[in-house]
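The block underneath contains the structure these notes are about, expressed in structure tokens.
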Amino acid sequence: MTANSLRDYLDGLEAAGELNRIEQPVSWNLEASAVTTMAALADDVVPMFESVAEAGAEGARLVGDPYRGPRRRPWDRVAAALDLPVGLDRATYYEAVIDRLQHPVEPVLVDGDDAPCKEVVLRGEDANLLAFPWPYLHAGDGGRYSNLHTLVAPDLDSDWTDWTYHRAMLHSASTASLLLLAGEQTPNLFYYGYERRGEPMPVAIAVGTEPAAYFTSTMWIPTGRDEAGFAGGLKGAPVELVECETSDLRVPASAELVVEGTIEPGGRLDEGPFGDYFGYMHGPRRSMPYLTVDAITHRERPIIPFCVEGIGVGHTQNTTTTMELACVGPDATLGLRAAGFDVTACVPWPFTPRTTYTVATDTPYPGYLHELANFIFTTWGMLHVDFFVFVDADVDPNDPSAVLRAIALHADPDADFHQFGVEQMPKVPLNIYQTPAEKGDAETGTSKTRTAKAYIDATAAGDEPDLALPGPDDDRRAAAREVLRTAGFDLSLEPRADEVDA
Amino acid sequence: MTREYLTSEEHLPDDLGAVVTFQVTDRETKEIFTTRARVSEDPADLTDPDRLTVVRGPHENVEEEWFIEILETGVEPGRIDRAALRECVERTGAGSNVVNTRADDVLAMLTYLVERGRYESVSDAARAMLRDHLRESHGALFDAYIEVRSAVERDDLAAELLGGPE
Numbered sequence: 001m002t003a004n005s006l007r008d009y010l011d012g013l014e015a016a017g018e019l020n021r022i023e024q025p026v027s028w029n030l031e032a033s034a035v036t037t038m039a040a041l042a043d044d045v046v047p048m049f050e051s052v053a054e055a056g057a058e059g060a061r062l063v064g065d066p067y068r069g070p071r072r073r074p075w076d077r078v079a080a081a082l083d084l085p086v087g088l089d090r091a092t093y094y095e096a097v098i099d100r101l102q103h104p105v106e107p108v109l110v111d112g113d114d115a116p117c118k119e120v121v122l123r124g125e126d127a128n129l130l131a132f133p134w135p136y137l138h139a140g141d142g143g144r145y146s147n148l149h150t151l152v153a154p155d156l157d158s159d160w161t162d163w164t165y166h167r168a169m170l171h172s173a174s175t176a177s178l179l180l181l182a183g184e185q186t187p188n189l190f191y192y193g194y195e196r197r198g199e200p201m202p203v204a205i206a207v208g209t210e211p212a213a214y215f216t217s218t219m220w221i222p223t224g225r226d227e228a229g230f231a232g233g234l235k236g237a238p239v240e241l242v243e244c245e246t247s248d249l250r251v252p253a254s255a256e257l258v259v260e261g262t263i264e265p266g267g268r269l270d271e272g273p274f275g276d277y278f279g280y281m282h283g284p285r286r287s288m289p290y291l292t293v294d295a296i297t298h299r300e301r302p303i304i305p306f307c308v309e310g311i312g313v314g315h316t317q318n319t320t321t322t323m324e325l326a327c328v329g330p331d332a333t334l335g336l337r338a339a340g341f342d343v344t345a346c347v348p349w350p351f352t353p354r355t356t357y358t359v360a361t362d363t364p365y366p367g368y369l370h371e372l373a374n375f376i377f378t379t380w381g382m383l384h385v386d387f388f389v390f391v392d393a394d395v396d397p398n399d400p401s402a403v404l405r406a407i408a409l410h411a412d413p414d415a416d417f418h419q420f421g422v423e424q425m426p427k428v429p430l431n432i433y434q435t436p437a438e439k440g441d442a443e444t445g446t447s448k449t450r451t452a453k454a455y456i457d458a459t460a461a462g463d464e465p466d467l468a469l470p471g472p473d474d475d476r477r478a479a480a481r482e483v484l485r486t487a488g489f490d491l492s493l494e495p496r497a498d499e500v501d502a
Numbered sequence: 503m504t505r506e507y508l509t510s511e512e513h514l515p516d517d518l519g520a521v522v523t524f525q526v527t528d529r530e531t532k533e534i535f536t537t538r539a540r541v542s543e544d545p546a547d548l549t550d551p552d553r554l555t556v557v558r559g560p561h562e563n564v565e566e567e568w569f570i571e572i573l574e575t576g577v578e579p580g581r582i583d584r585a586a587l588r589e590c591v592e593r594t595g596a597g598s599n600v601v602n603t604r605a606d607d608v609l610a611m612l613t614y615l616v617e618r619g620r621y622e623s624v625s626d627a628a629r630a631m632l633r634d635h636l637r638e639s640h641g642a643l644f645d646a647y648i649e650v651r652s653a654v655e656r657d658d659l660a661a662e663l664l665g666g667p668e
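One line per chain: the protein sequences are F and W, in this order.
Under the numbering used here, the first residue of the first sequence carries the number 1, and numbering increases by one thereafter.
Under the numbering used here, the first residue of the second sequence carries the number 503, and numbering increases by one thereafter.
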């Protein structure tokens with residue numbers, strides 16, 4: 001059954017033996033993130049902190065990286081949340097998600113009395129951010145963070161409501177700065193809409209929503225389209241929304257906790273430093289817009305999920321890397337197909353979250369790949385993604401060795417490495433290759449110094465020789481089996497098809 | 503010493519006068535707030551010192567141990583600290599009012615504007631431009647300055663007319 005709440009999802013994990021309910025008191029101050037890090041490094045089950053020392057709100061709980069996928073099959077827990085068949089290979093999983101995204105289901109509005117997120121309603125001085133156990137994730141972070149949530153923000157000129165997941169750094173009982181980088185949808189709504197016209201922007205941070213709502217918050221849903229409908233498509237049923245207490249915004253009724261607030265134009269507070277998704281503590285701290293809390297509503301014993309950012313590099317998964325592979329990938333694939341490109345799949349490079357994507361595609365005519373790159377870099381903007389690798393449709397874009405092989409065999413350094421928009425393209429100031437001076441502290445968040453994007457054409461394009469020697473995969477598998485045989489393992493069992501595909 | 507605080511070098515004012523207003527983080531609760539405080543590298547300089555870690559460098563990975571004596575914690579970000587502003591007004595009224603800086607590029611451009619007749623002197627140009635900039639970019643400070651400056655002059659005049667202690 002599709003998980004209709006974070007609690008449903010966690011119960012499902014527990015039933016599958018994939019949740020560790022930790023009753024021993026754990027501090028929000030580095031301890032919860034340390035345990036979560038160790039679980040990720042060991043590819044262990046998801047840690048749930050039932051007793052948080054100095055939690056504030058009675059019985060408030062934490063869960064560490066709840067959507068982190070198993071290392072070999074990172075999409076499995078997302079598939080379980082969406083009630084997709086168990087054991088799908090990556091390609092089949094992508095097509096299943098794409099199929100659901102193609103059939104959006106509009107949300108329904110429920111009364112506040114029927115909304116779990118309003119079991120407790122706090123206003124005025126009672127609405128105190130510091131009364132909840134937001135985690136302090138990395139030694140050196142600028143503050144405590146909410147970084148696994150849905151930020152709900154309206155468009156000033158239409159009925160569009162955008163869902164994203166921009167992180168929030170707590171400053172005080174009533175203020176939190178938001179990482180808003182111009183070039184992305186909600187930041188654009190603020191910087192070029194509300195702030196330019198001197199209007200305050202109402203926002204809501206919905207923490208611990210039902211999984212489908214969070215999943216769509218991470219996706220590249222087109223500008224002007226509500227994520228709520230796509231979340232309904234993902235779960236095959238309408239998402240229940242409820243109106244906020246202090247604004248007209250509607251939030252997922254299933255949320256564990258909702259922070260209602262206002263971002264005033266012109267206001268800035270520090271954001272960062274933060275142990276970012278590249279795996280480094282890297283400054284400088286930035287000036288970012290901030291929200292002032294108007295109200296907080298929550299479930300009894302709210303569960304605050306968090307992501308230990310920075311550990312999802314190399315072989316390790318966390319929620320961010322899993323969302324990139326299991327949610328953004330299928331959505332981006334659908335987006336490219338909808339734009340008329342004949343792509344098999346668009347998949348993030350597994351070891352560098354967000355920086356690189358691989359697109360497996362047919363190349364029906366000369367110049368097609370440049371058109372594809374042009375669409376990606378001009379329509380999508382690609383603030384976080386630096387470059388794309390284009391491979392043939394029969395290359396598995398989720399297999400780094402296959403992609404590297406394609407680059408080594410087919411990408412001519414002279415002709416197939418292309419820069420795009422030299423010194424024109426925006427860049428997030430979270431990278432580590434720009435100096436602090438190059439990053440600066442721009443009013444709209446992005447680095448002051450512009451950069452380029454790039455793509456590598458690693459398609460064969462007719463340069464595949466007729467006679468190929470036996471493939472390395474065949475040799476490697478045979479050698480591995482020989483090692484196991486000599487070690488005394490029973491090799492009569494063949495690997496499952498999905499294990500081979502994974 | 504019971505509490506520990508942290509601040510970034512970039513928040514520490516260049517002029518560490520008697521009392522400074524700047525942003526600190528409570529190391530226990532991680533609450534971030536603006537405070538009026540006295541700071542020193544020597545705890546003996548302060549009456550009731552707490553530890554203050556100053557993080558330096560763009561990545562804030564260099565730490566120095568300082569000391570802080572918190573005087574006020576409820577200073578709202580962006581709010582003009584009128585007491586601090588009054589101290590500045592009184593200090594500049596009693597001492598030199600020269601604004602001194604070195605910059606080849608600024609001097610060259612200001613000299614050009616003077617030679618083109620836009621301003622009477624480089625000093626006149628710098629003064630006018632800085633005032634315009636402060637009025638536009640720091641409007642709240644500009645308005646508060648006018649009020650505080652008026653209050654200081656009124657108090658001075660009252661003291662002169664009514665007679666103060668000899």
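A virtual CB, placed ideally from N, CA and C, is assigned to each residue, including glycine.
None of the values given here were measured: they were computed from a predicted structure.
- Item | Cβ shell of F:ALA502 (< 8 Å), same chain only, five flanking positions each side left out | With a pLDDT of only 43 at F:ALA502, under 50, the local geometry of the prediction cannot be trusted, and the value read off the model is given with reservation. Annotation for F:ALA502: ARG72, ARG73, ASP89 and ARG90 place their beta carbon closer than 8 Å to its own, counting only its chain and skipping 5 residues before and after.
- Item | Coarse secondary structure for W:ILE609, derived from DSSP in three states | The displayed chain sequence assigns Leu, not Ile, to residue 609 of chain W. The answer is helix: DSSP assigns W:LEU609 an H, G or I state.
- Task: Quick one: using the 10 Å Cβ neighbour count with 16 as the cut-off for buried, is F:PRO107 buried or exposed?
- Result: Buried, by the Cβ-count rule.
- Message: Counting only beta-carbon separations shorter than 8 Å, does W:PHE535 have a partner in chain F?
- Response: Taking a beta-carbon distance threshold of 8 Å, W:PHE535 counts as an interface residue toward chain F.
- Task: Kindly indicate which residue of F:ALA139, F:ALA176 and F:LEU122 has the alpha-carbon position closest to the one of F:ASN147.
- Result: Minimum Cα distance to F:ASN147 is reached at F:ALA176.
- Starting from W:THR527, find everything on chain F with Cβ-Cβ shorter than 8 Å and list it in chain order. Per Cβ cutoff of 8 Å: GLY142 and GLY143.
- Query: Who are the neighbours of F:TYR523 on chain W, taking C-beta pairs under 9 Å?
  - Reply: Any property of residue 523 of chain F remains undetermined from this structure, which presents chain F solely from 1 to 502.
- Task: Keeping to the same chain, check which residues put their C-beta closer than 8 Å to that of W:SER689; ignore five residues upstream and five downstream.
- Result: Not covered by the structure: residue 689 of chain W. The range shown for chain W is 503 to 668.
- Message: At a CB distance below 9 Å, what residues from the region 281-292 of chain F approach chain W? Give them in sequence order.
- Response: Answer in chain order: MET281, HIS282, GLY283, PRO284, ARG285 and TYR290.
- Proximity below 8 Å, CB of F:ALA360 to CB of F:THR379: The beta carbons of F:ALA360 and F:THR379 sit no closer together than 8 Å.
- For F:TRP505, the residue or residues it bridges with in DSSP: This structure cannot speak to residue 505 of chain F, because chain F is shown only from 1 to 502.
- Message: Is it buried or exposed, W:ARG637, if we count other Cβ atoms within 10 angstroms and call 16 or more buried?
- Response: Counting of Cβ neighbours within 10 angstroms places W:ARG637 among the exposed residues, the total staying below 16.
- Message: In the DSSP assignment, the beta strand (DSSP E) including F:VAL35 goes from what residue to what residue?
- Response: For F:VAL35, no beta strand (DSSP E) run applies; the uninterrupted alpha helix (DSSP H) run containing it begins and ends at 31-41, by DSSP.
- Message: Considering only DSSP beta bridges, list what W:ASP552 is partnered with.
- Response: Note: W:ASP552 sits in a beta bridge opposite W:ILE570.
- Distance, Cα to Cα, F:ALA373 vs F:PHE215? If you take the alpha carbons of F:ALA373 and F:PHE215, they lie about 25 Å apart.
- Message: Helix, strand or coil for F:THR509? Go by DSSP, reduced to three states.
- Response: The structure shown does not extend to residue 509 of chain F, since chain F spans only 1 to 502, so no value can be given for it.
- Using only alpha-carbon positions, find the residue among F:GLU324, F:TRP134, F:ARG123 and F:PRO66 that is nearest to F:THR297. Nearest C-alpha to F:THR297: F:ARG123.
- Query: For the ligand ZN, any of its heavy atoms closer than 7 Å to the Cβ of F:GLY224?
  - Reply: The ligand ZN is absent from the structure shown, which contains no ligand whatsoever.
- Message: I want to see whether chain F comes within less than 8 Å of W:ASN563, judged by CB atoms only; does it?
- Response: Chain F contact via Cβ: present.
- Query: Starting from F:HIS149 and walking both ways along the beta strand (DSSP E), at which residues does that stretch end?
  - Reply: Taken as a continuous stretch (DSSP letters only), the beta strand (DSSP E) holding F:HIS149 covers 149-154.
- Task: Compare the Cα-Cα distances from F:LEU179 to each of F:ARG285, F:PRO364 and F:LYS118 and report the closest residue.
- Result: Out of F:ARG285, F:PRO364 and F:LYS118, F:ARG285 has the C-alpha closest to the C-alpha of F:LEU179.
- Message: For F:HIS103, which residues in the same chain have their Cβ closer than 7 Å to its Cβ, ignoring the five residues on either side in sequence?
- Response: Counting only residues of its own chain and dropping the five nearest sequence neighbours on each side, F:HIS103 has a CB closer than 7 Å to the CB of GLY233.
- Task: Quickly, what does DSSP pair W:SER510 with across the bridge? List them, please.
- Result: According to DSSP, which records beta bridges pairwise, W:SER510 is partnered with W:VAL557.
- Query: Along chain F, in chain order, which residues have C-beta atoms closer than 7 Å to that of W:PRO560?
  - Reply: Within chain F, the residues near W:PRO560 are GLY283, PRO284 and PRO436.
- Query: Per the contact definition of three or more C-beta pairs closer than 8 Å, is the region 312-329 of chain F in contact with the region 480-488 of chain F?
  - Reply: Too few Cβ pairs lie closer than 8 Å, so no.
- Query: Rounded C-beta distance between F:THR292 and F:GLU264? I'm assuming under 8 Å.
  - Reply: 7 Å between Cβ atoms; contact.
- Compare the C-beta of W:SER625 with all C-beta atoms of chain F and state if any pair is closer than 8 Å. No, its Cβ sits nowhere closer than 8 Å to a Cβ of chain F.
- Give the residues of chain W in contact with F:SER172, contact being defined as C-beta atoms less than 8 Å apart. The answer, in chain order, is GLU533, ILE534 and PHE535.
- Exposed unless 16 or more other CB atoms sit within 10 angstroms - verdict on F:ASP113: Around the beta-carbon of F:ASP113, fewer than 16 other beta-carbon atoms lie within 10 Å, marking it exposed.
- Give the single residue among W:THR509, W:HIS561, W:ASP547 and W:ASP517 whose Cα lies nearest to the Cα of F:ALA437. Nearest in C-alpha terms to F:ALA437, of all of W:THR509, W:HIS561, W:ASP547 and W:ASP517, is W:HIS561.
- Query: What residues of chain W sit near F:PRO273, judged by a beta carbon separation below 8 Å?
  - Reply: Per Cβ cutoff of 8 Å: HIS561 and GLU562.
- Based on the DSSP secondary-structure assignment, which residues constitute the bridge partners of F:TRP163? Answer is F:VAL152, bridged to F:TRP163.
- Query: Is the Cβ of F:LEU130 closer than 8 Å to any Cβ of chain W?
  - Reply: For F:LEU130, the answer is yes, since a Cβ of chain W falls inside 8 Å of its Cβ.
- Label F:VAL105 either buried or exposed according to how many other C-beta atoms from any shown protein chain fall within 10 Å of its C-beta, with 16 as the threshold for buried. Buried is the call here.
- Contiguous beta strand (DSSP E) assignments of at least 3 residues, all confined to the region 103-129 of chain F: Listed in chain order, they are 120-123.
- Query: Does any C-beta atom of chain F lie closer than 8 Å to the C-beta of W:SER652?
  - Reply: Contact of W:SER652 with chain F is not assigned, every C-beta pair being separated by 8 Å or more.
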